[in-house]
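J.: Going down the list, the sequences are from chains P and G.
For the record, in the first sequence the residue sitting at position 221 is 219 according to my numbering, with numbers rising by one throughout.
For the record, in the second sequence the residue sitting at position 200 is 202 according to my numbering, with numbers rising by one throughout.
Note that CB positions come from ideal geometry on N, CA and C, so glycine has one too.
Just so we're clear, the structure is a prediction, and the values are computed from it rather than from any experiment.
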Amino acid sequence: MVFAVVVIAQLLAFLLALAPLNGLTADRWRELGLISLFVQWAALTSAGTLCLARPQLARLSNTAAGLVAYLLMMLVLAIVSEAAFHVMELLGAGHSAYWHAHFIARNLAMGAIINALVLRYFFVQHQWRRNVRAESQARLQALQSRIRPHFLFNSMNTIASLARSDPAQAEAVTENLADLFRMSLSDVRNRISLGEELELCRRYLYIEALRLGERLDVAWDVDALPTDALIPPLTLQPLLENAVYHGIEPATAGGRIEISGRLDGADVDIQITNPAPEGTTQRPDGNRLALDNTRERLTACFGPGARVSIEAEQGLYRVGVRFPYLSPDNRPDRPA
Amino acid sequence: MRILVVDDERLARERLRNLIAELGVGEVVGEAATGRDALEITARLEPDVLLLDIRMPGMDGLETAAHLAKVDHPPAVIFTTAYGDYALRAFETQAVDYLLKPIRKDRLEQALQGARRLNRAQLGAVEEAGNQGAPAPRARTHLSARVHGDIRLVPIEEVLYFQADQKYVTVRDQQGQVLIEEALKSLEEEFGERFVRIHRNALVARRALERLERTGTGRYQVKLKGIEERLEVSRRHLSGLRRLMRG
C-alpha cells in the first residue's frame, strides 16, 4: 500500500516536471527533485492521515466516507503547501505575497483533480474486490450441491417401482435420499466427520445398487481411515456418483468400484477406483465437473494442503483425494 | 396391443409391466435389457409398440431406434428417459413421443393409445438428434444390415475392414461379410478413431493391421489379423500407413 502510494506519487512528480513547455533540461532535473520532494511529502501525509481516520471513516456511508476523505486530503495538501512555502522562505527564497497565494491556489487546484482521481481509483478497486468475493461465495454455493438431477429422477423412479413390490425398501430409499439432499442443502461452511461422509456414501450406493442390481459391485477398504477427520460434506459422494455414471452405467456387464483409504502421516489419503469402459476415457466432460467441484471445496477448506489426482491405466480410472487430517481437537480456528 | 419393454434396469421394467397390466390397454410380450436384445426380440416377436429407454449401456435407445428402421415391420416407438436428455427437443420437433420417469399412468395410457409407427425420416432424425446435442461426437456401437428380412448386427469393434463397391459397402468381420448402404466417407468420419484409409475404396481397422507386403508387380497390400485375403494399399496412403504401423 505504502509502496503503491510512493510509486504513484513519483509518477505524478515526473508528469509535473515534464509538463512545462519552456525551460532547459538542466532546470528540469532540479525541478523534478523539488517537485518529487513536495509530492511525496503531500502524498504520504495524506495516506497517513487517511489511515489514522480509517476507524471513523468506516462508520460512515460510502458516499460520506468518500467526501470526508476528499476534504481531509485537500486539507492536508493545503497545510503541506503552506509548510513548504515557509520552508522555502527559511531557506531564503524571498517570494512575494502574490507568488505565495498563486502557489497555494495552484497546488489546491491540481490536488482537487488528482485527489478525485485517486479516490475514484480506490473506490473502483473496492467495488471490484467486493464483486470478486461475492462471486466466489456464489460459486461455492453453486458447488455445494452437485448431486446430479439424473440421480434424483432415477431414484424417484426406483421408489415408484418399489412402492408396490417392496414397500419397506421404498421407505429405506426415501430416507437415504432425504439424508443426501439434506446434506447437499446444508451450509457451505459446514464440516462433517469422515465417518458421516462415508455413511452418506453407503446410503448413496445403496440406492444405486437397487437400480443397477448385479451390475454394481462395491469393495470397501476404509477401516484404516480416521473417522473423526473433518471434511466439507459431500466431498467423496460426487466422486462415487461419477464412478457410477461413467464406470458402471455405460458397461453392459457392470463393474466394481473400490473405495480405499488410510492415514499417511498427517494426511488422509482416499482412492476411488472404477473401470473405464471403452469410449468413456475420451469424454472427460462430466468427470471434470465433479472433480473440479471436489477440488475447489477441499481447497476452500484446507488451502493448498489438499490435492485431487487422477490416474487412468489399464482400463481403470482412479481418483485420489488427499487432505490434512483435522480432528475436532486440533482443528485450527480458520474461517472457510 | 403387443408391447416390448426395453430398459436396462429391472425395477424400471417391472414398473412399466405393472402399469400396463393395470391399464389393460395391451400385453407385455417381452422385456429386453439391452438394445441388441430389443432388436433381436423385435425381429422375432414383431411387437406393435416399443417402450424404449434412451440411456442404456452399449447400444443406447437412440441407436436402437435407428437400427429398427431395417426391420420388416418397424414397431411404434415411445422413448422413456429419467431426466433432461439432449434428444428431447428433437423428439418434440419430430412429433416423436417420449415419457419422463417416473412415468405417470395416465401419461402412459395416452402415449400407448396415440402410438404411431415412426417413418424412416423420423427414426433418422432421432439418431441425428443424439449426435447434435451430445457433449462428444457419438458413434454407433453397431452396424446393421438387412439379411433375408432380418437385422444382422455387427459390433463396430469386430469390423476388420470396409470396402466400397459402387452402391454398397462391404463390412467384413471374422464371421463373414454383409452389405450396407452407406458412404465410405461418412463411415470414415464416424469411426475415424478406429479405422484408417488405405485406398480410395477401403478403410481398415487400426487394431487389425498385421503387416505390409510388396507384390511382384511393385504394388503394396496389407495383411490383416485373422483373415487371409489381402487389401490393396494405394500409393497415396502408403506413407501414412507405414508411419502408423511403425508407431
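#1: Report yes if the C-beta distance between I190/P and P231/P is below 7 Å; otherwise report no.
#2: Is E29/G buried or exposed, if buried means 16 or more other CB atoms sit within 10 Å of its CB?
#3: Considering only the beta carbon of each residue, do G253/P and P273/P sit closer than 7 Å?
#4: Would R201/P count as contacting chain G if we go by Cβ distances under 7 Å?
#5: Considering only DSSP beta bridges, list what R154/G is partnered with.
#6: Rounded to the nearest angstrom, what separates Q280/P and R196/G at their Cα positions?
#7: Mind checking the segment 8 to 19 of chain G against chain P and listing, in chain order, the residues whose C-beta falls within less than 7 Å of any C-beta there?
#8: Using DSSP with H/G/I as helix, E/B as strand and the rest coil, what is I341/P?
#9: Evaluate D327/P with the Cβ neighbour count: other Cβ atoms within 10 Å of its Cβ, from every protein chain shown; 16 or more gives buried, anything less gives exposed.
#10: State the start and end residues of the unbroken beta strand (DSSP E) segment that holds L205/G.
#11: Taking C-beta to C-beta, are A17/P and L48/P nearer than 7 Å?
#12: Going straight from the alpha carbon of D9/G to that of L238/P, what length do you get?
#13: For the alpha helix (DSSP H) holding D177/P, just list the boundary residues, first then last.
#14: Since A34/G meets chain P, which of its residues come closer than 7 Å, beta carbon to beta carbon?
#15: Report yes if the C-beta distance between R316/P and E309/P is below 7 Å; otherwise report no.
#16: To which residues of the same chain is D177/P closer than 8 Å at the C-beta, ignoring the five residues directly before and after it?
#17: DSSP has A34/G in a bridge; who is on the other side?
#18: Between the segment 205 to 228 of chain G and chain P, which residues of the former have CB atoms less than 9 Å from a CB of the latter, in chain order?
#19: Using a Cβ-Cβ cutoff of less than 8 Å, which residues in the same chain neighbour D267/P once the five nearest sequence positions on both sides are dropped?
#20: Would you identify the three-state DSSP class for P273/P, choosing helix, strand or coil?
#21: By the DSSP assignment, the beta strand (DSSP E) with E215/G in it spans what residues?
#22: Under 7 Å between beta-carbons, which chain P residues line up against P59/G? List them in chain order, please.
#23: Could you name the residues that DSSP lists as bridge partners for I6/P?
#24: Determine the DSSP secondary structure at Y163/G, reduced to helix, strand or coil.
#25: Could you check if R118/P is buried or exposed, using at least 16 other CB atoms within 10 Å of its CB as the buried criterion?
#26: Run the CB neighbour count on G92/P, radius 10 Å, all protein chains shown included, and call it buried at 16 or more, exposed below.
#27: Under 8 Å, with one C-beta from each stretch per pair, do the segment 72 to 90 of chain P and the segment 100 to 111 of chain P reach the 3-pair mark?
#28: For E16/G, which residues of its own chain have a beta-carbon under 6 Å away from its beta-carbon, when the five flanking residues on both sides are left out?
#29: Would you report the Cα separation of P333/P and W126/P, rounded to the nearest angstrom?
#30: Give the DSSP-derived three-state secondary structure of K103/G in the structure shown.
#31: Can you name, in chain order, every residue of its own chain whose Cβ lies under 7 Å from the Cβ of M3/G, other than the five neighbours on each side?
#32: Considering only the beta carbon of each residue, do A168/P and L160/P sit closer than 7 Å?
#33: Could you check if F12/P is buried or exposed, using at least 16 other CB atoms within 10 Å of its CB as the buried criterion?
#34: Would R76/G be called buried (16 or more neighbouring beta carbons within 10 Å of its own) or exposed?
#35: How is D39/G classed by DSSP in three states: helix, strand or coil?
T.: Checking against the coordinates, here is how it stands:
#1: The sequence position of residue 190/P within the first sequence is 192, counting from 1. The sequence position of residue 231/P within the first sequence is 233, counting from 1. At a Cβ-Cβ threshold of 7 Å, I190/P and P231/P count as neighbours.
#2: Against the second sequence, residue 29/G aligns to sequence position 27. The residue is exposed, with fewer than 16 neighbouring Cβ atoms inside 10 Å.
#3: Along the first sequence, one-based indexing puts residue 253/P at 255. Along the first sequence, one-based indexing puts residue 273/P at 275. In contact: G253/P and P273/P (Cβ atoms closer than 7 Å).
#4: Here residue 201/P refers to the residue found at position 203 when the first sequence is read from its first residue. No, R201/P lies away from the interface with chain G (no Cβ there is under 7 Å from its Cβ).
#5: Here residue 154/G refers to the residue found at position 152 of the second sequence. According to DSSP, which records beta bridges pairwise, R154/G is partnered with A147/G.
#6: As a position in the first sequence, residue 280/P is number 282, starting the count at 1. As a position in the second sequence, residue 196/G is number 194, starting the count at 1. Residue placement at Q280/P is poorly supported in this model, since its pLDDT is 40, which falls under 50; the coordinates are not used for a value here.
#7: Within the segment 8 to 19 of chain G, the residues whose Cβ lies closer than 7 Å to some Cβ of chain P are E11, R12, L13, A14, E16, R17, listed in chain order.
#8: Residue 341/P lies beyond the residue range present for chain P, which begins at -1 and ends at 334; the question has no answer from this structure.
#9: The count along the first sequence starts at 1 and reaches residue 327/P at position 329. Looking at its Cβ environment, which holds fewer than 16 other Cβ atoms inside 10 Å, D327/P is exposed.
#10: For the purposes of this step, residue 205/G is identified with residue 203 of the second sequence, where counting begins at 1. Element bounds for L205/G: 204 to 207.
#11: Here residue 17/P corresponds to residue number 19 of the first sequence, with the count starting at 1. Here residue 48/P corresponds to residue number 50 of the first sequence, with the count starting at 1. Cβ distance not < 7 Å, so A17/P and L48/P don't count as in contact.
#12: Here residue 9/G is taken as the residue at index 7 of the second sequence, counted from 1. Here residue 238/P is taken as the residue at index 240 of the first sequence, counted from 1. Using only the alpha carbons, I get a separation of about 23 Å.
#13: Numbered from 1 along the first sequence, position 179 holds the residue referred to as residue 177/P. Counting along the chain, the alpha helix (DSSP H) containing D177/P begins and ends at 165 to 182.
#14: The count along the second sequence starts at 1 and reaches residue 34/G at position 32. Here the premise fails: no neighbours, minimum Cβ distance about 12 Å.
#15: As a working mapping, residue 316/P is identified with position 318 in the first sequence. As a working mapping, residue 309/P is identified with position 311 in the first sequence. It is a contact, given that the beta carbons lie within the stated cut-off.
#16: By 1-based counting over the first sequence, the position of residue 177/P is 179. Shown here for D177/P: same chain residues with a beta carbon closer than 8 Å to its own, the five before and five after excluded, namely L198, R201 in chain order.
#17: Mapped onto the second sequence, residue 34/G falls at position 32. Its beta-bridge partners are V8/G.
#18: none
#19: For this step, residue 267/P is matched to residue 269 along the first sequence. Correct list, in chain order: G259, R260, L261, G318, V319, R320.
#20: By one-based count along the first sequence, residue 273/P stands at place 275. Of the three classes helix, strand and coil, the one that applies to P273/P here is strand, per DSSP.
#21: Locating residue 215/G in the second sequence gives position 213, where the first residue counts as 1. Annotation: the continuous beta strand (DSSP E) that includes E215/G extends over 211 to 216.
#22: In the second sequence, counting from the first residue as 1, residue 59/G sits at position 57. Ordered by position in chain P, the residues that pass the 7 Å Cβ test against P59/G are E247, P248, A249, T250.
#23: Residue 6/P sits at position 8 when you count from the first residue of the first sequence. DSSP, once it has assigned bridges, lists no residue as partnering I6/P.
#24: Start at 1 with the first residue of the second sequence, and residue 163/G comes out as number 161. Correct three-state label for Y163/G: strand.
#25: The sequence position of residue 118/P within the first sequence is 120, counting from 1. Exposed, by the Cβ-count rule.
#26: Position 94 of the first sequence, counted from the start, is the residue given in the question as residue 92/P. So G92/P ends up on the exposed side.
#27: yes
#28: Within the second sequence, residue 16/G is the residue found at index 14, counting from 1. There are no such residues.
#29: On the first sequence, residue 333/P is found 335 positions in, with the first residue counted as 1. On the first sequence, residue 126/P is found 128 positions in, with the first residue counted as 1. Here P333/P scores only 45 on pLDDT, less than 50, and its place in the model should not be relied on; the value that follows carries that caveat. Each residue's alpha carbon lies about 22 Å from the other.
#30: Numbered from 1 along the second sequence, position 101 holds the residue referred to as residue 103/G. Residue state, collapsed to three classes: coil.
#31: Here residue 3/G refers to the residue found at position 1 when the second sequence is read from its first residue. Cβ neighbours of M3/G within its own chain (closer than 7 Å, five residues either side excluded): V27, G28, D50, V51, L114.
#32: Reading the first sequence from its first residue, position 170 is the one you call residue 168/P. Reading the first sequence from its first residue, position 162 is the one you call residue 160/P. Going by C-beta atoms, A168/P is nearer than 7 Å to L160/P.
#33: Here residue 12/P refers to the residue found at position 14 when the first sequence is read from its first residue. Looking at its Cβ environment, which holds fewer than 16 other Cβ atoms inside 10 Å, F12/P is exposed.
#34: Residue mapping note: residue 76/G aligns to position 74 of the second sequence, counting from 1. In the sequence as presented, Arg is not what sits at residue 76/G; that position holds Pro. Label assigned to P76/G: buried.
#35: Here residue 39/G corresponds to residue number 37 of the second sequence, with the count starting at 1. It is helical.
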